[in-house]
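A.B. asks: Handing you this structure, nothing more for now.
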Amino acid sequence: MPSGLALDRLYIEHHGWLQGWLQARLNNRADAADLAQDTFLRLLQRRIGELAEPRAYLRTVARGLVIDLWRRRDIERAWLETIAQLPEHQAPSPETGLLIIESLIAIDSLLDELPAAVREAFLLAQLDGMTCPAIAQRLGVSLSTVERYIAKALRHCYRLTFEQP
Amino acid sequence: MTDTPLTALPGEVVDQAIDWSIKLNYNSADAATQAAFADWLQGREENRLAWQRVQSLGGRFASMPSELALQTLGKLPEARLRRRQMTRLLVLFAGIGATTLGVREVTPWQRLVADYSTRVGERNRWSLADGSLLDLNTDSAVRLHFDERQRELELLRGELHLISGADPGHAQKRTLLVRIAFGAFEALGTRLSVRLEARSCRLGVTEGAVRLQPVAGTAVVAQAGESWLLDAREARREAHEPADSAAWRDGLLVARDRPLAEVLDELGRYRHGHLGCDPQIAGKRISGNFSLANIDATLTFLAQAHGLQLHYLTRYWIRVSA
């Protein structure tokens, strides 16, 4: 963690620049201010020594936050569109909705790198509890293809869960 | 539980556990399969740990309202595509060496470690510091390694086209290289295109010459007008014209008497989701120049021109039939 003084200096020297950098990309002053603030909060929580290239580091952190923000917005919007189609008494409560959105964000970032077909087969298996033969029929591909997709997705989840440093 | 996330298991044990999971969790297993699984599970301590871990992966999917969750996630690719068109996310990734400090903040997309990249359906062009002109096709990523002796472009995924620059400001002309996992292409005053696939790489030379160097094989020199296929062991000459394979720079796919399945594979690179056809018509011969600007419109056109039907099973799953 940088010492209080070092962080102060970092903040004074680069905060304005970072906010400008974010604003150019987000087209939104309030979001840029929030994310610039969050970026420095991350630095507080993290053990880092003297930064050789502070702006490169800040950009990397900020870029991750921008992606998280967009992912969250996409999922929130998609969720609201989905429950808007339900009769009112069937819609989950806002509290439940928040928990589901959190889970969906975790799932979406977990499966992000997988090809669309693999992702779709895996979600049908996990969320709908469909068996491989049923998925094969639904998607119009062979059983062995579906099994390969599921294995690929499981391997991917395993790697991210148990093998990432 | 004594399982800590840091205990590394051999890859083959994990693969076995996944195979068993597919037989038992995702299919209906008969008694013999279940008995064989019990034997495997009792075989080694590692097997048991791998099985526990694979089983735990489903945990985060449990207790979700499945239909709503599926619908929500199904809407995402569309939302992303809309936003991409509006805000040009690319700007974020262009021209930035994200690995400077070895920090990985988010999912390690190849795009995030790249200096130049494109998303699915996107094509773009950049002038590099040495005067070279770099084009990236859909879903591609390149990292630059320029130093005193050479200018190296590492193709991480996808397809590039390169027109070599004069490299002013360097008395000793630096070597210009395109490197891929299993080999390298040295440009000798050149226009070239390189397309990376799972185990091989295609090279087209439209001007000048290129030296191909497989990782474990002998180098050869390719001349203008030639197409080559490179894998780790060797380089082979191919029959078709390189000009056709670089037509994407002009936003076109040029097909000359190619099987429908291949044409669909090509078009599928430019959109999200699955695009396939019935086996009976996979070999149907297709010729034409197809626009890459709007793939869905191109598919409609292709279907009309050849009397084919498009079936949208979901928005991201298209099947073509007779």
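Respectively, the protein sequence lines represent chains A and B. Heads up: the first sequence is residues 1 to 165, going by my numbering. Heads up: the second sequence is residues 1 to 322, going by my numbering. Just so it is clear, CB atoms sit at the ideal spot from N, CA and C, and this is done for glycine as well.
1) Considering residue 135 of chain B, what are the terminal residues of the beta strand (DSSP E) in which it resides?
2) Can you give me the start and stop residues for the alpha helix (DSSP H) that residue 20 of chain B sits inside?
3) Tell me whether the segment 269-282 of chain B and the segment 112-122 of chain A touch, counting them as touching only if at least three CB pairs, one residue from each stretch, are closer than 8 angstroms.
4) When you compare only the Cα positions, how much space is there between residue 325 of chain B and residue 237 of chain B?
5) Quick one: residues in its chain with C-beta nearer than 7 angstroms to the C-beta of residue 150 of chain A, no 5 flanking neighbours on either side, listed in chain order?
6) List the whole-angstrom C-beta distance separating residue 250 of chain B from residue 285 of chain B, where the pair is believed to meet the contact cut-off of C-beta under 8 angstroms.
7) Can you tell me which of B:210, B:51, B:205, B:207 puts its alpha carbon nearest to the alpha carbon of residue 158 of chain A?
8) Taking a Cβ distance cut-off of 8 angstroms, strictly less, list which residues of the segment 31-44 of chain B are near chain A, in chain order.
9) Can you pull the chain A residues whose beta carbon is under 8 angstroms from the beta carbon of residue 281 of chain B, in chain order?
10) Going by the beta-carbon positions, is the gap between residue 72 of chain A and residue 105 of chain A smaller than 8 angstroms?
11) Please confirm whether residue 204 of chain B and residue 141 of chain B have their CB atoms less than 8 angstroms apart.
12) Beta carbons nearer than 8 angstroms to chain A: which residues of the segment 246-268 of chain B have them?
13) Please confirm whether residue 151 of chain B and residue 136 of chain B have their CB atoms less than 8 angstroms apart.
14) List, in order along the chain, the chain A residues whose C-beta lies closer than 9 angstroms to that of residue 21 of chain B?
15) When you compare only the Cα positions, how much space is there between residue 129 of chain A and residue 196 of chain B?
16) Which parts of the segment 190-237 of chain B are runs of the beta strand (DSSP E), unbroken and 3 residues or longer, counting only runs that do not cross its ends?
17) On the CB-based measure, 16 or more other CB atoms within 10 Å of its CB, does residue 19 of chain A come out buried or exposed?
18) Given that a residue counts as buried once 16 or more other Cβ atoms are within 10 Å of its Cβ, and exposed if not, what is residue 169 of chain B?
19) Does the beta-carbon distance from residue 230 of chain B to residue 219 of chain B come in below 8 angstroms?
20) Contact criterion: CB-CB distance below 8 angstroms. Does residue 18 of chain B meet it with respect to chain A?
21) What runs of the alpha helix (DSSP H), each 4 residues or longer, lie entirely inside the segment 117-155 of chain A?
22) Could you spell out where the beta strand (DSSP E) holding residue 141 of chain B opens and where it closes?
23) Is there a Cβ from chain B that is less than 8 angstroms from the Cβ of residue 166 of chain A?
24) Take residue 134 of chain A and list the residues in its own chain whose beta-carbon comes closer than 7 angstroms to its own, dropping the five residues that flank it on each side.
25) So with CB distances below 7 angstroms, who are the chain B contacts of residue 158 of chain A?
26) Please look up how many angstroms separate the CB atoms of residue 134 of chain B and residue 177 of chain B, rounded, as I've assumed it's under 8 angstroms.
27) I'd like to know whether the C-beta of residue 126 of chain A is nearer than 8 angstroms to at least one C-beta of chain B.
28) Mind listing the chain B neighbours of residue 6 of chain A? Cutoff is C-beta to C-beta under 8 angstroms, in chain order.
29) Kindly list the residues whose CB is nearer than 8 angstroms to the CB of residue 46 of chain B, restricted to its own chain and excluding five residues on each side of it in sequence; keep chain order.
30) Just to make sure I have the definition right: I need the residues of chain D whose C-beta is within less than 8 angstroms of the C-beta of residue 131 of chain A. Which are they?
31) Quick one: what's got a C-beta closer than 8 angstroms to residue 145 of chain A's C-beta in the same chain, skipping five residues either side?
32) Assuming residue 31 of chain B is part of the beta strand (DSSP E), what are its boundary residues?
33) Does the beta carbon of residue 76 of chain B sit closer than 8 angstroms to a beta carbon anywhere in chain A?
34) Within 10 Å of its beta-carbon, does residue 312 of chain B have 16 or more other beta-carbons around it, so buried, or fewer, so exposed?
35) Please decide whether residue 319 of chain B counts as near chain A, where near means a Cβ-Cβ distance under 8 angstroms.
C.D. replies: Result, derived from the coordinates:
1) 133-136
2) 11-25
3) yes
4) This structure cannot settle anything about residue 325 of chain B, because the visible part of chain B is limited to 1 through 322.
5) 121, 122, 125, 132
6) Wrong, their Cβ atoms sit about 23 angstroms apart, outside the cutoff.
7) B:51
8) none
9) By Cβ distance, chain A contributes nothing, its closest Cβ being about 14 angstroms from residue 281 of chain B, past 8 angstroms.
10) yes
11) no
12) none
13) no
14) 150, 151, 154
15) 36 angstroms
16) 201-214, 220-223, 226-230
17) buried
18) exposed
19) no
20) yes
21) 132-139
22) 141-146
23) Since the first and last residues shown for chain A are 1 and 165, residue 166 of chain A lies out of range.
24) none
25) 14, 53, 54, 57
26) Between residue 177 of chain B and residue 134 of chain B the Cβ distance is about 13 angstroms, and since that is not below 8 angstroms, they are no contact.
27) yes
28) By Cβ distance, chain B contributes nothing, its closest Cβ being about 16 angstroms from residue 6 of chain A, past 8 angstroms.
29) 9, 10, 13
30) The structure shown has no chain D; the protein chains it does contain are A and B.
31) 136
32) It is not in any beta strand (DSSP E) - residue 31 of chain B instead sits in the alpha helix (DSSP H) that spans 31-43.
33) yes
34) exposed
35) yes
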